[in-house]
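Using UniProt numbering, the letters of the sequence shown correspond one by one to residues 1 to 891. The structure appears below as structure tokens.
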Amino acid sequence: MNVVVVESPAKAKTINKYLGKDFKVLASFGHVRDLPAKDGSVKPDEDFEMSWEVDTASNKRLKDITDALKGADSLILATDPDREGEAISWHVLEVLNKKKALKGKSVQRVVFNAITKKAVLDAMANPRDIDAPLVDAYLARRALDYLVGFNLSPVLWRKLPGARSAGRVQSVALRLVCDREAEIERFVAEEYWQISADLKTPRNDVFNARLSSYEGKRIQRQTVSNVGEADTIKAMLEGASFTVESVEAKPTKRNPAPPFTTSTLQQAASSKLGFNAKRTMQVAQKLYEGIDIGGETVGLITYMRTDGVQMDMSAIEAAREEIASNFGDRYRPEKPRFYSTKAKNAQEAHEAIRPTGFERRPDDVKRYLDQDQIRLYDLIWKRAIASQMASAEIERTTVEIAAKNGDKIAGLRATGSVIRFDGFIAAYTDQKEDGEQSDDGDDDGRLPEINARETVAKEKINASQHFTEPPPRYSEATLIKRMEELGIGRPSTYAATLSTLQDREYVEIDKRKLIPQAKGRLVTAFLQNFFERYVEYDFTANLEEQLDKISNGDLAWKDVLRAFWKDFFAQIENTKELRVSDVLDVLNEELAPIVFPKREDGGNPRICPTCGTGNLSLKLGKFGAFVGCSNYPECNFTRQLSAESANGDEAQLSGEPKDLGRDPHTGEPITLRSGRFGPYVQRGDGKEAKRSSLPKGWKVEDIDHEKAMALIGLPRDIGKHPESGKMISAGLGRYGPFLLHDGGYANLETVEDVFTIGLNRAVTVIAERKAKGPARGRTATAALKELGEHPDGGAITVRDGRYGPYVNWGKVNATLPKDLDPQAVTLEKALELVAERAGKSGKKAAPKKAAAKKATPAKKPAAAKKAAPKKKAAAAKTSTEKTSSAKSKEA
């Protein structure tokens with residue numbers, strides 16, 4: 001018997017079918033050890049000794065592996081073929097050696113880039129040892145991330161309350177987003193005019209030509225900068241005669257792009273499918289680990305964490321055969337295509353992302369995949385097949401036209417292109433981020449027949465005003481692309497980095513654009529002024545380069561740590577003398593555009609608008625930064641930290657509450673107030689006063705006694721549901737207006753619906769929401785996985801919700817940890833999660849009717865009994881999982 005260890009149950013299930021009865025494949029469920037989320041886990045004073053901790057769940061996995069080894073001949077470590085995969089194998093081996101579970105047993109390491117029977121069996125026939133340099137690179141990265149996070153974050157907490165954390169890669173990615181926002185704020189639009197002519201050929205075909213020169217001067221995009229110049233040129237062209245000087249048709253070829261890397265897949269999935277990076281990687285993971293295709297479980301794509309752009313030679317040949325079969329011989333070039341990456345610091349240790357079998361066309365496997373899976377597989381298959389196809393043959397036509405009006409001369413140019421042979425475009429048309437047309441399409445359109453030296457007639461002269469636009473905000477895809485260009489991070493880190501920025505509320509995504517929040521701007525400004533070196537792009541990229549050298553065996557990992565820690569520790573020590581007032585002085589200047597934006601009345605933006613004598617300044621509170629008056633407590637003016645709040649609703653409120661009347665039932669005063677989190681209404685005074693923030697879109701000047709009472713009265717009871725007999729209520733929550741009935745929520749379209757919706761409409765909305773299922777956009781309510789019965793009665797299932805997968809038992813919903821595959825959840829793990837969640841919320845799920853008829857009270861589940869005494873430990877574990885980045889393969 002041979003014991004094989006992989007990361008996930010899905011991967012284990014697939015591989016077990018390939019290997020047969022002489023092998024037992026077990027899953028480690030990712031990393032089995034991690035650095036505890038506390039000081040001292042990495043000890044610089046002890047030559048960077050690292051203290052590893054095995055959590056309860058991993059202890060059970062390791063026990064299963066240890067038990068299996070008792071009757072086995074060998075241990076085969078078959079985790080993923082990258083730095084993290086090598087580290088998981090190393091951790092498993094270290095623990096098993098400490099347990100003395102490997103006496104007399106051989107240990108082998110195997111890697112495969114695809115989970116197919118051939119790839120797995122080939123790997124088994126070619127084992128190797130653990131790659132020590134690769135493990136060293138992992139240890140160095142993990143130690144660096146820990147040392148930065150657990151030493152820099154406390155500085156933020158002390159000097160910048162409200163800031164949650166800083167990270168080696170995370171902080172640099174945040175700086176990119178904030179720097180782009182600063183560029184946008186500094187941008188000054190410039191006016192320019194574009195001039196063109198609609199012209200008609202002798203054959204009555206109309207085409208458009210743009211002004212290219214005027215009076216011997218070349219005209220570029222912003223050359224004509226005002227209406228006066230535009231009118232002068234337009235007037236000249238209105239009276240001009242137009243002659244075609246030349247027509248040049250030039251054939252060109254366009255070559256296909258290479259197959260996907262992690263970065264380019266995330267970019268394409270964003271622009272074409274609307275997937276964020278996390279969603280892309282989750283779907284790709286499932287395609288990689290294996291899908292049941294007509295009774296055969298097979299991995300459909302190669303490993304999806306890679307910066308390599310080359311395909312295996314056998315795959316290239318298979319692609320070429322498929323091209324000839326599916327598209328025709330003309331679409332298969334004479335020789336195979338080979339690619340090399342242009343990304344900085346690319347390792348290219350693995351193949352590009354490609355189908356494991358080009359014969360599995362998207363249409364053939366569509367019935368076996370869900371919607372997300374088939375869309376992503378289709379994208380990967382087409383891009384990979386296109387990478388080996390013939391070039392597109394395009395004919396570009398340029399027409400030069402002379403316009404003469406007396407002694408004045410102007411030049412116009414018309415361009416067009418025709419695809420003479422589509423080549424690779426027949427399989428895959430590239431598309432730039434946010435839907436911009438790329439060079440893979442017919443950008444200029446097709447021109448009619450135009451001959452040199454013929455006269456064309458004027459139909460219309462066009463002069464249109466334009467203004468230059470600021471650089472666009474980053475999307476997830478364009479930020480990943482920029483990080484890759486700079487050499488910041490690696491394929492396995494992109495999705496996790498972006499998720500962290502959102503989880504920390506440093507950035508917000510609006511219409512797929514990353515917008516830095518005030519908290520993120522503060523952290524970036526602080527780091528740029530007091531830890532500048534550690535958020536420099538080149539410094540971070542150079543560290544990545546050193547990590548690559550470690551993995552190649554060219555650098556000692558502890559030498560890198562020693563050099564880093566010496567300077568970093570000195571910088572940390574220097575901040576101990578830093579006073580919060582010093583920090584605020586710097587941030588007031590650094591963030592002046594958002595702290596003190598120009599006032600609409602032209603007044604001094606730093607003078608308090610309430611008392612007229614105090615100076616406005618950043619203030620730091622328990623929940624973060626806000627703007628306050630220096631005359632506090634005499635003047636209690638405050639506002640949120642944003643340019644919008646400075647010129648928006650908060651600016652219209654004085655520091656004193658605005659009296660709106662009294663509650664007719666309680667006699668308490670109703671007031672409109674401004675707080676650091678925005679305007680709100682309040683009934684009564686003191687800690688027991690009821691408060692309600694103004695909904696998005698509501699203006700301060702529109703708030704009267706009636707609206708204030710309506711807000712204070714939320715949630716509003718609408719009536720009892722005619723079927724269940726339970727109350728339906730309407731309210732405003734973190735995610736907008738909603739209906740609540742029997743523990744379930746349904747979104748309302750507008751805030752006004754909360755105050756006006758009647759019982760009949762509410763019942764309809766609830767029914768429609770129930771029909772849609774647990775997540776927005778899902779068409780079925782079926783569970784992802786049925787786990788079995790709870791000891792107290794009732795089914796336990798895994799479901800996919802709006803905010804991610806979760807375990808459900810009755811009314812108890814327990815969110816899955818980020819590193820836990822929904823398909824890998826066991827009944828035991830689900831019971832632990834349900835017990836922990838029920839303990840925190842105080843909820844009790846109703847058991848099945850059969851269970852309710854029992855004469856004796858239902859017993860508490862064993863998992864709940866076991867978890868109760870260890871409540872603090874469970875909380876600590878949760879904190880560890882959230883803080884530690886190495887627990888997940890995407891950390």
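Idealized CB from N, CA, C, for every residue including glycine.
For residue i, which residues of its own chain have a beta-carbon under 8 Å away from its beta-carbon, when the five flanking residues on both sides are left out?
| i | result |
| --- | --- |
| residue 895 | The displayed coordinates of the chain run from 1 to 891. Any statement about residue 895 would go beyond what the structure contains. |
| Y474 | L176, V177, R180, R482, K513, L514 |
| A137 | R83, L547, D548, I550, S551, W557 |
| E190 | Q222, S225, F467, T468 |
| R662 | E668, P669, I670 |
Tell me which residue opens and which closes the alpha helix (DSSP H) that residue i is part of.
| i | result |
| --- | --- |
| Q571 | 557-574 |
| S314 | 313-326 |
| I594 | 592-595 |
| Y368 | Taken as a continuous stretch (DSSP letters only), Y368 belongs to no alpha helix (DSSP H), as it is neither H nor E. |
| K117 | 117-124 |
| residue 904 | In the structure displayed, the chain extends from 1 to 891; residue 904 sits before or after that span and is not available. |
| residue 927 | With the chain covering 1 to 891 only, the question about residue 927 has no answer from this structure. |
| M483 | 476-486 |
| G85 | 83-98 |
| I233 | 227-238 |
| Q282 | 277-289 |
Can you tell me where the beta strand (DSSP E) holding residue i begins and where it ends?
| i | result |
| --- | --- |
| residue 892 | Summary: the structure shown does not reach residue 892, with the chain confined to residues 1 through 891, and so no result is reported for it. |
| K720 | 716-720 |
| H466 | 455-467 |
| P737 | 736-741 |
| residue 896 | Nothing can be reported for residue 896: it is not among the residues displayed for the chain, which extend from 1 to 891. |
Please work out which residues of its chain come closer than 6 Å, Cβ to Cβ, to residue i, disregarding the five sequence neighbours upstream and downstream, and give them in chain order.
| i | result |
| --- | --- |
| G614 | C608, C629, S630, N631, C635 |
| F421 | E393 |
| A12 | V6, V25, A27 |
| A249 | E395, T397 |
Apart from the five residues just before and just after residue i, which ones in its own chain have a Cβ nearer than 7 Å to its Cβ?
| i | result |
| --- | --- |
| W90 | I130, V135 |
| L447 | F207, T397, V399, A414, G416 |
| G423 | Y331, M389, A390, S391, A392, E393 |
| T306 | T261, T262, H350, E351, A352, I353, P491 |
| D685 | none |
In terms of alpha-carbon separation, which member of the options lies closest to residue i?
| i | options | result |
| --- | --- | --- |
| V247 | D312, N451, T302, A625 | N451 |
| N552 | L820, D82, A386 | D82 |
| R716 | F755, L287, R367, E459 | F755 |
| E334 | S724, I15, I316, G736 | I316 |
| S387 | G406, Y331, M50, E723 | Y331 |
| V763 | V54, G603, D329, K726 | K726 |
| S165 | A37, I796, D702 | A37 |
| E828 | L787, A838, N813, D800 | L787 |
| S213 | N204, V25, I233 | I233 |
| S227 | A249, E245, Y192 | According to the sequence displayed, residue 227 carries Val and not Ser. For the residues A249, E245, Y192, the minimum Cα distance to V227 belongs to Y192. |
| P679 | P593, A257, P737, K696 | K696 |
| Q310 | V155, T262, G719 | T262 |
| W565 | Y18, F242, D67, A140 | A140 |
| T497 | I323, E505, V169, H721 | V169 |
Verify whether the separation of the beta carbon atoms of residue i and residue j is less than 9 Å.
| i | j | result |
| --- | --- | --- |
| A477 | L237 | no |
| A625 | L587 | yes |
| I301 | A114 | yes |
| G299 | A352 | no |
| N151 | L75 | no |
| F526 | L748 | no |
| I703 | L739 | no |
| R683 | I670 | yes |
| P336 | M304 | no |
| I419 | L412 | no |
| L156 | V523 | yes |
Does any residue of chain C have a CB that is nearer than 9 Å to the CB of residue i?
| i | result |
| --- | --- |
| D792 | Any reference to chain C falls outside this structure, which holds one protein chain only. |
Inter-stretch contact at 8 Å, needing at least 3 Cβ pairs: the segment 65-85 / the segment 5-12: yes
Cβ pair count under 8 Å reaching 3, the segment 117-129 against the segment 92-105: no
contact_flag[the segment 460-468, the segment 189-201] where n(CB pairs < 8 Å) is 3 or more: By the Cβ test, the segment 460-468 is in contact with the segment 189-201, since at least three Cβ pairs between them sit closer than 8 Å.
Stretch-stretch touch, CB-based, cutoff 8 Å, three pairs: the segment 16-27 with the segment 40-60: no
At least 3 beta-carbon pairs within less than 8 Å: the segment 275-292 vs the segment 365-384: yes
Touching by the beta-carbon criterion (3+ pairs, under 8 Å), the segment 485-499 and the segment 531-546: yes
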